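Asker:
There are 2 protein chains.
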Amino acid sequence: MLFKNITILDENLDVKKNMYVGTTGEKITYISSEEPKAQDGNFGETYDGKGKLLMSGFYNIHAHSPMTLLRGYGEGLALQDWLTKKVFPFEDKLTPSAVYWGTLLAMAESIRFGIVSTSDMYYFCDDMARAIDESGAKDNIARGITNFSGTPFWDMTAAKEMKQLFETHDGSAGGRIKVDVSLHAEYTNDEQTARGIAEYAKEVGTSVHVHVSETKKEHEECKARHGGMTPVQFLNSTGLFDTPSIAAHCVWLEGEDFDILKEKNVTVASNPISNLKLASGVCNVPELLRRGINVGIGTDGPSSNNSLNFIEEMKVFAIASKERYGDPTAITTKEAIFAATAAGAKAQRRDDCGSLKKGNRADLIVIDLNQPHMHPVHDLTYNLVYSASGSDVVLTMSDGKVLYQNGEFKTIDLEKAVFEAERETAKILSQL
Amino acid sequence: MLFKNITILDENLDVKKNMYVGTTGEKITYISSEEPKAQDGNFGETYDGKGKLLMSGFYNIHAHSPMTLLRGYGEGLALQDWLTKKVFPFEDKLTPSAVYWGTLLAMAESIRFGIVSTSDMYYFCDDMARAIDESGAKDNIARGITNFSGTPFWDMTAAKEMKQLFETHDGSAGGRIKVDVSLHAEYTNDEQTARGIAEYAKEVGTSVHVHVSETKKEHEECKARHGGMTPVQFLNSTGLFDTPSIAAHCVWLEGEDFDILKEKNVTVASNPISNLKLASGVCNVPELLRRGINVGIGTDGPSSNNSLNFIEEMKVFAIASKERYGDPTAITTKEAIFAATAAGAKAQRRDDCGSLKKGNRADLIVIDLNQPHMHPVHDLTYNLVYSASGSDVVLTMSDGKVLYQNGEFKTIDLEKAVFEAERETAKILSQL
């Protein structure tokens, strides 16, 4: 595709007007203020970029995609009641087919809101992979592991599923699917399970995805259980951070935690909307950035958000950080956009993704600027972070393939996905 | 218009499916699950409501509409520098024409996001009224008054403008325009100015619109200036709350403040996005609601938000409240929708607006449910507050007249409004 006369956010997140961007196969092969000549290549279809912004797609680095089925389920209950009376019994009835349709619906929503790649933690991962493959989107899938029964790590079905998933799917769908490993959290596992996952991650060279210090209760109870060690300190002691990791939430970090995350190159996945909605607190993003820690953005599951609207997530990421830090200058719009794009791609080990750069994979989105809320323009990055609406995304492309354009889903039959996801939901509810 | 087979949020915010809603002139004249018969009236155009939600439009009860021109201007500066180095010098160069185009752009954005009526505090109010009248939207316009020079109240030009505005415009545009009066804030005025406004409001029987306890600094400095009296206590002592009032922000309320607001029937306008973005804090909405105080929602000016996306504002209103209160059950979706609709209409003295009720004015919006993020539906009010995107509004009607439908602005030439608003902005910037 050749994007003509389009405004872009380049690899430094600088705004450039009237640009030409060409993609060939999976890659971005041309970026210039000059129209390409015959010898620059054949880009196929031309896209009129007037009044449009072209930028990197978004990388959602903490999600539980199949939980679309639980969107708004058990709303208005206290956390413990919500989990034990609603979420867990519902999840207990999940089937491969329910997870497939839930994931496909999540992929439709993701690409509609400009998310090209997701880091997912869940189960029935083969079924997730099938939906993701078909959607054309990217995903780092991890089998979430929970084990406080004392069962030795490799005796668990979940551990075997983790291994089988990695062996079957890592690098599949032309590299769009990667497989990470996942300890659900410190508070849902014993030490040998954490060590088992850490060792396997090192052995195969993949990343770990883990919930860390989401709530004050979890954080304090960990310290009580482990001789004063915080979740970061405890998990680090098991070797879990010895390979590149994503630590989701990190709301209640303290003292040495910051040093460990920095030293171990851990990426923090901040989930600002979920954290506010569940009254968990606000991640201290400005402090993490000040220390040079990589920070990306996650939506968390649609049951605690309840959408995958990444422009909205980016706005709340920025404004919640400002309030948390007590300083309206605490985070810049470029820092927020970087977190939503390049920082996330890095955490997913997608080094050739996350920025509009020649040679990178063509993971691109187009934002419609012909909207009253996008004018006037003092600085386009301000309007993108603070004024844009999620639905201003009018085109989403992954690996050079258009997945969504102007209301049309190119890889997903939306009507069918909605129908089947609702049918699967009703089926489960009828059993409860 | 006759909305056929549409899902509605009725006057109790209950969801009803497959309904028929008819409007005649300015009013809602028919609501039933049965198709109207000939004797029920002639509603004109028919609207196919399949996959759509019909509900009351939104009432934005704290805004500074012409500040669209400053959207993103001076972003990233500390509060004091932003105000003194950017906002005030820019505002000093405003002209009637700049305010007219800025307001028209704000009205376009408002109706695009489902806002049918706004409570505005600004100046060049005649020019605002002209734009609002043309747009077909509603507005409670107030001339914001600032006076710490010691000038006697009625000697001020602003006081004369306030009076002239009330006499000329209150009830104009078929009642769509109302005129409120406004003390900008305690910290920008002396006591006799507050008393002058309070007396005038009582004399003519209108409402007061005032900033209250937005920042901790303002709140504490008021107490130091006025023998320990908080802004609420001080303003109450001047008689300012003797007529129905809108107190914007109310982030730092304490002790007796809550009792005064309740006793005086003051409406609190919470501006959650602006408050987070400027790192001012979070309004304790659940406590206000618990005490039976009327709470509406405001966007504040587009320079501190930076959009008029009311669905987004409603979501942040709910989730910020939950976090502030430390309880995910602190606010219900019906409470959030009520704040965005009926509570706001009440604060604007629009008793026949704000809910989908026979006999009320037809201030209605249609939300597109045919979106991946709006499924499945465990309860439609959850999806509306937490999953919808601002741009899911596909039709906005005020007093029975369609102002916006599917990307088309019926009363505003958007291209011209954007062009002129940008030209006025550039003109002002060239003088700075």
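As you go down the protein sequences, you meet chains A and B in turn. 1 is the number of the first residue of the first sequence in the numbering used here; add one for each residue after it. 433 is the number of the first residue of the second sequence in the numbering used here; add one for each residue after it. All residues carry an ideal CB built from backbone N, CA and C; glycine is no exception. Nothing here was measured: the structure is a model prediction, and the numbers come from that model.
Given that a residue counts as buried once 16 or more other Cβ atoms are within 10 Å of its Cβ, and exposed if not, what is Pro-734 (chain B)?
Answerer: buried
Asker: Output the distance between the C-alpha atoms of Asp-480 (chain B) and Asp-399 (chain A), rounded to the nearest integer angstrom.
Answerer: 39 angstroms
Asker: What residues from chain A crowd round Glu-755 (chain B), counting only those whose CB sits closer than 9 angstroms?
Answerer: Asn-275, Leu-276, Lys-277, Leu-278, Ala-279, Ser-280, Gly-281, Val-282, Ala-320
Asker: Going by CA-CA distance only, name the one from B:Gly-606, B:Pro-760, B:Thr-647 that's closest to Gln-512 (chain B).
Answerer: B:Thr-647
Asker: Counting only runs that start and end within the stretch 198 to 261 of chain A, where is the beta strand (DSSP E) found for 3 or more residues in a row?
Answerer: Here the runs fully enclosed are 208 to 212, 245 to 249.
Asker: Would you kindly work out how many angstroms separate the C-alpha atoms of Tyr-325 (chain A) and Ala-711 (chain B), rounded to a whole number?
Answerer: 8 angstroms
Asker: Would you give the residue range spanned by the beta strand (DSSP E) that Phe-58 (chain A) belongs to?
Answerer: Phe-58 (chain A) -> beta strand (DSSP E) spans 58 to 63.
Asker: Taking the CB atoms as reference points, tell me whether Glu-618 (chain B) and Pro-663 (chain B) lie closer together than 8 angstroms.
Answerer: yes
Asker: Count the C-beta pairs between the stretch 603 to 619 of chain B and the stretch 652 to 667 of chain B that are closer than 8 angstroms, then say yes if the count reaches three, no if not.
Answerer: Taking 8 angstroms as the limit for Cβ pairs, the verdict is that the stretch 652 to 667 of chain B does touch the stretch 603 to 619 of chain B.
Asker: Along chain A, in chain order, which residues have C-beta atoms closer than 8 angstroms to that of Gly-758 (chain B)?
Answerer: Under the 8 angstroms cutoff, chain A gives Ala-279.
Asker: Run down chain B in chain order and give the residues with a C-beta less than 8 angstroms from the C-beta of Thr-333 (chain A).
Answerer: Glu-507, Gly-508
Asker: At a cut of 8 angstroms, does the stretch 168 to 187 of chain A reach the stretch 197 to 210 of chain A through at least three beta carbon pairs?
Answerer: yes
Asker: Establish whether the CB of Leu-288 (chain A) and some CB of chain B are separated by less than 8 angstroms.
Answerer: No - not a single Cβ of chain B is within 8 angstroms of the one on Leu-288 (chain A).
Asker: Would a C-beta distance cut-off of 8 angstroms place Gln-233 (chain A) and Asp-259 (chain A) closer than the cut-off?
Answerer: no
Asker: Thinking just about the alpha-carbon of each residue, which of A:Gly-22, A:Cys-283, A:Thr-7 is nearest to the one in Asn-360 (chain A)?
Answerer: A:Gly-22
Asker: Alpha carbon to alpha carbon, how far is Lys-449 (chain B) from Phe-166 (chain A)? Give it in angstroms, no decimals.
Answerer: 46 angstroms
Asker: Would you list the residues sitting across from Thr-118 (chain A) in a DSSP beta bridge?
Answerer: A:Asn-60, A:Asp-139
Asker: Ordered along the chain, which non-local residues of its own chain (more than five positions away) have a Cβ less than 8 angstroms from that of Ser-604 (chain B)?
Answerer: Ala-561, Asp-565
Asker: Could you tell me which uninterrupted beta strand (DSSP E) segments, each at least 3 residues in length, are contained entirely in the stretch 10 to 87 of chain A, listed from first to last along the chain?
Answerer: Whole beta strand (DSSP E) segments, 3+ residues: 15 to 24, 27 to 32, 46 to 48, 52 to 56, 58 to 63.
Asker: Got a sec: is the Cβ-Cβ distance from Asp-811 (chain B) to anything in chain A below 8 angstroms?
Answerer: yes
Asker: Are the beta-carbon atoms of Ala-514 (chain A) and Gly-296 (chain A) separated by less than 8 angstroms?
Answerer: One cannot answer for residue 514 (chain A) here, as it falls past the ends of chain A, which runs 1 to 432.
Asker: By DSSP's criteria, Ala-269 (chain A) is part of a beta bridge. Which residues make up the other side?
Answerer: A:Ala-248, A:Gly-296
Asker: Please list, in chain order, all residues of the same chain as Gly-354 (chain A) whose beta carbon is under 7 angstroms from its beta carbon, the five residues on each side excluded.
Answerer: Excluding positions up to five away in sequence, the list reads Ser-56, Tyr-59, Thr-341, Ala-342, Gly-344, Ala-345, Lys-346.
Asker: Taking the alpha-carbon of Ser-568 (chain B) as reference, which of B:Ala-626, B:Val-698, B:Leu-537 has the nearest alpha-carbon?
Answerer: One point to set straight first is that residue 568 (chain B) is Gly, not Ser, in the sequence displayed. The option with the nearest alpha carbon to Gly-568 (chain B) is B:Leu-537.
Asker: Kindly say whether Val-251 (chain A), judged by its beta-carbon, lies nearer than 8 angstroms to any beta-carbon of chain B.
Answerer: no
Asker: Using only CA atoms, which one of B:Ala-495, B:Cys-715, B:Arg-781 lies nearest to Glu-755 (chain B)?
Answerer: B:Cys-715
Asker: Roughly how many whole angstroms lie between the Cα atoms of Lys-277 (chain A) and His-249 (chain A)?
Answerer: 13 angstroms
Asker: Can His-373 (chain A) and Leu-502 (chain B) be called in contact, C-beta distance under 8 angstroms?
Answerer: No, these two residues do not count as a Cβ contact at 8 angstroms.
Asker: Compare the Cα-Cα distances from Pro-96 (chain A) to each of A:Val-208, A:Asp-126, A:Ser-65 and report the closest residue.
Answerer: For Pro-96 (chain A), the closest of A:Val-208, A:Asp-126, A:Ser-65 by C-alpha to C-alpha distance is A:Asp-126.
Asker: Leaving out five residues on either side along the sequence, give the residues of the same chain with a beta carbon under 6 angstroms from the beta carbon of Trp-101 (chain A).
Answerer: Glu-420, Ala-421, Glu-424
Asker: Could you have a look at Arg-608 (chain B) and say whether DSSP puts it in helix, strand or coil?
Answerer: coil
Asker: Just to confirm my understanding: we take Asp-10 (chain A), look at its own chain, exclude 5 residues before and 5 after, and list those with CB closer than 7 angstroms. What are they?
Answerer: Excluding residues within five positions, the ones whose Cβ falls inside 7 angstroms are Lys-16, Leu-356.
Asker: Can you confirm whether Asp-392 (chain A), when its beta carbon is compared against all beta carbons of chain B, has any partner nearer than 8 angstroms?
Answerer: Yes, because at least one Cβ of chain B sits closer than 8 angstroms to the Cβ of Asp-392 (chain A).
Asker: Does DSSP put Asn-707 (chain B) in a helix, in a strand, or in coil?
Answerer: helix
Asker: Say yes only if the C-beta of Phe-520 (chain B) is nearer than 7 angstroms to one or more non-hydrogen atoms of the ligand GDP, and no if none qualify.
Answerer: Ligands are entirely absent from the displayed structure, and the ligand GDP is therefore not among its contents.
Asker: Please identify, using Cβ separations under 7 angstroms, the residues of the stretch 173 to 192 of chain A that lie next to chain B, in order along the chain.
Answerer: none
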